[in-house]
Every structure is written in C-alpha cells, then in structure tokens.
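*Asks:* My questions will all concern the structure given below.
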Amino acid sequence: MSRAELNAMLRSLVDHGLAGTMDLADKVVRIPASTYTDEALFEREKQRIFRRLPLMLAPSCELPEPGSYKAMEVVGVPVLLVRQRDGTMAAFLNMCTHRGNPVAHGRGKASRFTCGYHGWTFGADGSLLAVASQQDFGPVDKATHCLKRFPCLERAGLVFVILDTESTLSIEDALCGYDALLAHFGFENWILFDQRQLPGPNWKTAYDGYLDFYHLPVLHANTFGSDFFNRANYFAWGPHQRLSTPSRFAQKTGSDEKIDLAAMNEADWPIDALMQGVWTIFPHISIASFYGGGARGAMISQLFPGRTVGESITTQFYVMERAPETEAERQGARDQFDFLKVVVAEEDYATGKRQHEALMSGGLKDVLFGRNERGGQVFHRWVERIVAADDAELAEIFRKTREEVEAARERALAPA
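Here the sequence shown stands for residues 18 to 433, where the numbers follow my numbering.
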C-alpha cells in the first residue's frame with residue numbers, strides 16, 4: 018500500500034507539472050513575530066514538544082552492531098543509546114543511579130558502562146551489575162537501580178526516543194503511518210559516510226527553511242542557481258510533511274540527464290523519483306536526497322533548540338546507499354557533503370540569524386506565510402496545538418490523527 022501511495026503522490030506531481038499548477042493553501046496566514054523571540058514560549062516548547070514527542074536521535078547505521086553506543090545531550094537531557102545483543106535498540110537516561118553522573122561519553126562499542134565517579138557498573142541493557150565496594154556501601158537492590166529507560170522504537174532505519182521515562186504516548190501513533198513511506202529509502206541497509214554539527218538560529222526559523230522551496234532561486238542563486246524551482250506541493254501525515262516539485266521530469270540517478278515521467282509506465286518509475294523532495298519528521302528532522310560518490314545519498318538534518326531563544330544546533334548526517342569504493346568516489350561524497358554545508362551554514366542559517374536579530378527589535382508584529390508556503394502554515398499550527406495540549410490530550414490527538422491518516426489513505430487508494 019505504501020508503494021501505491023508513493024505512486025499516487027508522484028502522479029499528482031506529474032499532473033501539476035503538465036498543467037503548470039501547484040497546490041495552494043486557502044489563504045495567506047499571519048504568525049506573531051513573538052513566536053520566534055519570546056523566551057518563555059521557547060522554554061515551554063522545549064518542555065511540551067521536545068520532551069514529550071518522539072525524537073529521531075540517530076540513523077540506525079550510526080549504531081550498526083550490538084554494543085554500539087552513543088551518548089548525547091538533548092534539550093538538557095543526557096541520553097545513552099545502545100544497540101542490544103539481539104539487535105534491538107535501547108535508550109537510557111545517561112545518569113548513574115547512585116549520584117547521577119553520566120556513565121558514558123561520546124560513541125563507541127561496549128558491553129558495560131562504569132561510572133567514572135564511584136565505579137558503579139551497568140550492562141548494555143541498563144542493568145546494575147556491580148556496586149563498587151558494596152561491603153562498605155551497604156545493601157542495594159540492584160533490580161531497582163538499573164538505568165532508567167526511555168520509550169524507544171526503531172523504524173525505517175531511524176531510532177525514535179521519547180525523553181520521558183513515564184510517557185504513555187504511542188510512538189507508532191505519533192508517526193501517523195509516515196514511517197511506512199520513509200522505509201522506502203532503505204536506510205536500515207545504508208551506511209553513515211560522515212556527520213557534523215552546525216550552529217543555527219531559533220529552531221523554528223531554521224525549520225521554516227526546510228519547509229520552503231520559495232526561497233531556493235533567490236537565497237541559493239549562487240549555489241543551486243537562480244533558475245532553480247521555487248514551487249512545492251505538500252503532502253501531510255499529521256504534523257509530518259513531504260514537499261516536492263510539481264514536474265513531469267526527474268533527474269536520472271548519477272546523471273544530469275532528465276527522465277520524462279509522464280512518458281513512462283508508472284510501474285517503471287525509479288525509487289529515487291518516488292522519494293524525491295524533502296521529507297520532514299515533526300518536530301525536528303529533514304531528509305533530502307542527493308547523489309555523490311557513485312551512490313544515492315541523503316542528508317538527514319537533526320535540529321534541536323539551543324540554550325537561548327536565538328540558538329539552535331543541527332547535526333547533519335550524510336548517509337549513503339553503499340560505501341564509496343574508490344578515492345574518486347570518496348572525494349565525490351566529500352564534495353557533496355561540503356557543498357551542503359555551504360548551502361545550510363553560509364546561506365540558510367546565516368540568513369536565519371540575521372532574520373532573528375531583526376525580529377528581536379520588535380519592529381514587526383507579524384510574519385507572513387503565503388498560499389505557496391503551506392508547509393510553514395501546517396508546522397506552526399501543530400506547534401501551537403501541541404504546546405497547548407496536556408499529556409492525555411496529546412495521546413488522543415495522535416491516536417485520532419493516525420486513524421484519520423489511515424482512513425484517508427484507504428479512501429485515496431480505493432479502486433474507482
């Protein structure tokens with residue numbers, strides 16, 4: 018069914034390309050400028066969104082083997098991801114249950130983790146294995162002092178975690194069936210070529226750019242080119258969105274040659290044409306396809322709020338369908354990844370920082386999202402909705418949204 022859904026989306030893009038049209042929102046929407054500058058709202062967003070919703074904390078290929086681990090801080094929460102012996106993924110609060118010191122740092126491979134403060138040792142499954150000098154420390158019930166577990170789900174070659182050990186929100190509900198489509202990338206079989214971190218502007222300012230093709234031929238005239246497309250059609254699964262260019266043409270893999278999708282049988286449409294565009298996972302992920310180094314690639318951008326309202330941090334993961342085999346291919350992949358750093362850091366994020374500084378002056382009451390910027394309209398509606406919802410409402414919102422998405426998919430794919 019997910020392949021049929023991909024075909025239906027591409028058919029829509031081809032039809033709009035043939036007609037020279039695009040999907041438009043009903044109206045121009047105004048968003049208060051304070052949405053980007055209010056410190057209290059910013060702190061509330063971190064608590065109500067980033068500490069309650071599933072976050073994509075790693076591509077599966079970053080932690081490929083049993084024992085592979087990564088320690089990271091996410092909106093102030095220390096997290097430890099560990100690939101288990103059976104191949105599943107687990108996520109823990111990276112705090113020793115003795116005094117709270119982190120038990121792991123960086124990334125690597127390990128079967129156990131020993132706290133560097135007093136020497137308590139934990140297994141890769143979070144179990145407390147040993148209390149240093151326990152005869153002196155006193156009795157400890159090891160079973161009740163394991164590392165605290167976060168809800169964790171690995172889907173479509175991506176690892177999702179909720180930063181609340183008591184959360185009852187279903188990660189599957191929150192994904193709204195979107196993961197079945199993302200699975201067509203095949204990320205679980207890809208490799209991680211490289212990664213880096215970039216400082217950015219307010220997290221919503223940064224995310225707006227991932228949902229916007231309107232700016233491409235203007236802001237990126239010196240990189241992508243001024244004749245680059247500026248139109249996008251939007252598809253939504255709850256708060257998760259895909260944007261792609263309405264066109265009958267797609268680029269042939271590994272070539273500048275264009276293929277005419279309208280002249281092809283739908284069964285022959287290549288997978289990279291079906292997966293073209295930008296796929297966003299609310300509230301902080303963007304996935305865009307590229308080619309470099311002799312293989313299909315994708316940049317997965319992982320965005321988190323920073324310490325102040327005007328800051329964010331983005332990790333860029335460059336994943337590839339296969340590892341480059343020659344030095345020429347490796348250089349091609351490096352060149353592609355370096356090019357994307359210029360586009361994001363020197364164009365998107367540099368502009369976003371200037372934009373944020375200007376908004377901080379208070380001189381503008383509202384900002385606008387046009388009818389051709391439907392992605393931004395949907396994103397900001399969901400931010401507002403989730404921040405306003407209590408925990409019980411949040412679970413119900415996503416349960417109903419998942420049902421609505423599944424029902425809409427069945428209607429759309431039903432035989433005429």
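We put the CB at the ideal spot given by N, CA and C, even for glycine.
What three-state label does DSSP hand W137 in the structure shown?
*Replies:* Sequence index remark: in the sequence shown, residue 137 carries index 120 (1-based). Residue state, collapsed to three classes: coil.
*Asks:* Indicate the three-state DSSP secondary structure (helix, strand or coil) for R265 in the structure shown.
*Replies:* For the purposes of this step, residue 265 is taken as residue 248 along the sequence shown, with counting starting at 1. DSSP places R265 in coil when its eight states are reduced to three.
*Asks:* In the DSSP output, what is N250 paired with across the bridge?
*Replies:* For the purposes of this step, residue 250 is identified with residue 233 of the sequence shown, where counting begins at 1. BP columns for N250 point to S261.
*Asks:* Do you know how far the Cα of W220 is from the Cα of G309?
*Replies:* On the sequence shown, position 292 is the one that residue 309 refers to. On the sequence shown, position 203 is the one that residue 220 refers to. When rounded, the distance between both Cα atoms is 28 Å.
*Asks:* When DSSP builds the beta bridges, which residues end up paired with R172?
*Replies:* As a working note, residue 172 is residue 155 in the sequence shown. R172 is bridged to L175.
*Asks:* Ignoring anything shorter than 3 residues or poking outside the stretch 334-401, list the beta strand (DSSP E) runs there in chain order.
*Replies:* 383-386
*Asks:* Compare the Cα-Cα distances from Y134 to each of L385, R124, A127 and G117 and report the closest residue.
*Replies:* Counting from one through the sequence shown, the residue named residue 134 turns up at place 117. Nearest of L385, R124, A127 and G117 to Y134, Cα basis: G117.
*Asks:* So, for R339: in the same chain, excluding its five sequence neighbours on each side, which residues have a beta-carbon less than 6 Å away from its beta-carbon?
*Replies:* Here residue 339 refers to the residue found at position 322 of the sequence shown. Same-chain partners within the cutoff: A312.
*Asks:* Do N250 and T443 count as a contact pair if the criterion is CB distance below 9 Å?
*Replies:* This structure cannot settle anything about residue 443, because the visible part of the chain is limited to 18 through 433.
*Asks:* Just to confirm, is the Cβ distance from K358 to Q333 under 9 Å?
*Replies:* For this step, residue 358 is matched to residue 341 along the sequence shown. For this step, residue 333 is matched to residue 316 along the sequence shown. Result yes, Cβ atoms of K358 and Q333 sit closer than 9 Å.
*Asks:* What first and last residue would you give for the alpha helix (DSSP H) that runs through W220?
*Replies:* To locate residue 220, count along the sequence shown from 1; it is residue 203. Unbroken alpha helix (DSSP H) run through W220: W220 to Y227.
*Asks:* When the Cα atoms are used, what is the spatial distance from D289 to R428?
*Replies:* As a first step, residue 289 must be located in the sequence shown, where it is residue number 272. As a first step, residue 428 must be located in the sequence shown, where it is residue number 411. Approximately 26 Å between the Cα atoms of the pair.
*Asks:* Within 10 angstroms of its Cβ, does D225 collect 16 or more other Cβ (buried), or is it exposed?
*Replies:* As a first step, residue 225 must be located in the sequence shown, where it is residue number 208. Classification of D225: buried, given that the 10 Å Cβ count is 16 or more.
*Asks:* Would you mind reading off the limits of the beta strand (DSSP E) that contains T418?
*Replies:* In the sequence shown, residue 418 corresponds to position 401, counting from 1. Taken as a continuous stretch (DSSP letters only), T418 belongs to no beta strand (DSSP E), being part of the alpha helix (DSSP H) at D408 to L430.
*Asks:* Since Q212 is in the beta strand (DSSP E), which residue starts that stretch and which ends it?
*Replies:* Here the question's residue 212 lines up with position 195 in the sequence shown. From DSSP, the beta strand (DSSP E) with Q212 extends over I208 to G217.
*Asks:* For a quick check, are the C-beta atoms of V120 and L97 less than 9 Å apart?
*Replies:* Locating residue 120 in the sequence shown gives position 103, where the first residue counts as 1. Locating residue 97 in the sequence shown gives position 80, where the first residue counts as 1. Against a cut-off of 9 Å, the Cβ pair of L97 and V120 comes out as a contact.
*Asks:* Let me know if E12 comes out buried or exposed under the rule of 16 or more other beta-carbons within 10 Å of its beta-carbon.
*Replies:* Limits of the chain in this structure are 18 at one end and 433 at the other, which puts residue 12 out of reach.
*Asks:* Since I believe S264 is in contact with L30 (beta carbons under 8 Å), could you give me their beta-carbon distance rounded to a whole number of angstroms?
*Replies:* As a position in the sequence shown, residue 30 is number 13, starting the count at 1. As a position in the sequence shown, residue 264 is number 247, starting the count at 1. Indeed, because the Cβ distance is near 6 Å, the residues count as touching under 8 Å.
*Asks:* Within the continuous beta strand (DSSP E) that includes E60, where are the two ends?
*Replies:* In the sequence shown, the residue the question calls residue 60 occupies position 43. Taken as a continuous stretch (DSSP letters only), E60 belongs to no beta strand (DSSP E), being part of the alpha helix (DSSP H) at E56 to E62.
*Asks:* Would you mind sorting R47 into buried or exposed? The rule is 16 or more other CB atoms within 10 Å of its CB.
*Replies:* The residue given as residue 47 occupies position 30 in the sequence shown. When all chains shown are included, R47 counts as exposed.
*Asks:* Measure the beta-carbon distance from L180 to A412 and round it to whole angstroms, keeping in mind my assumption that it falls under 8 Å.
*Replies:* Mapped onto the sequence shown, residue 180 falls at position 163. Mapped onto the sequence shown, residue 412 falls at position 395. 16 Å between Cβ atoms; not a contact.
*Asks:* Three-state secondary structure (DSSP) at G34?
*Replies:* Stepping through the sequence shown from its first residue, residue 34 is reached at position 17. Of the three classes helix, strand and coil, the one that applies to G34 here is helix, per DSSP.
*Asks:* Identify which residue in T343, W207, E401 and H301 has its Cα closest to the Cα of G314.
*Replies:* Translated into the one-based positions of the sequence shown, residue 314 becomes position 297. That would be W207, whose Cα lies nearest to the Cα of G314.
*Asks:* Is Y231 helix, strand or coil when you go by DSSP?
*Replies:* Stepping through the sequence shown from its first residue, residue 231 is reached at position 214. It is coil, neither helix nor strand.
*Asks:* As an exercise, report each continuous beta strand (DSSP E) stretch of at least 3 residues that is fully enclosed by the stretch 288-342, in chain order.
*Replies:* 295-298, 302-308, 313-322 and 329-337
*Asks:* Please report the straight-line C-alpha distance between G255 and S150, rounded to a whole angstrom.
*Replies:* Taking the sequence shown and counting its residues from 1, one reaches residue 255 at position 238. Taking the sequence shown and counting its residues from 1, one reaches residue 150 at position 133. So the alpha carbons of these two residues sit roughly 52 Å apart.
*Asks:* Out of Q101, V94 and L70, state which residue places its alpha-carbon closest to the alpha-carbon of P81.
*Replies:* By 1-based counting over the sequence shown, the position of residue 81 is 64. Nearest of Q101, V94 and L70 to P81, Cα basis: Q101.
*Asks:* Across which residues does DSSP place E90 in a beta bridge pair?
*Replies:* Counted from its first residue, the sequence shown places residue 90 at position 73. The partner list for E90 (beta bridge, DSSP) reads P95.
*Asks:* When DSSP labels each residue in this structure, what does L199 get in the three-state scheme?
*Replies:* Counting from one through the sequence shown, the residue named residue 199 turns up at place 182. Helix, per DSSP.
*Asks:* With 16 as the cutoff for other CB atoms within 10 Å, does R65 come out buried or exposed?
*Replies:* Start at 1 with the first residue of the sequence shown, and residue 65 comes out as number 48. Counting Cβ neighbours within 10 Å, R65 comes out buried, since at least 16 surround it.
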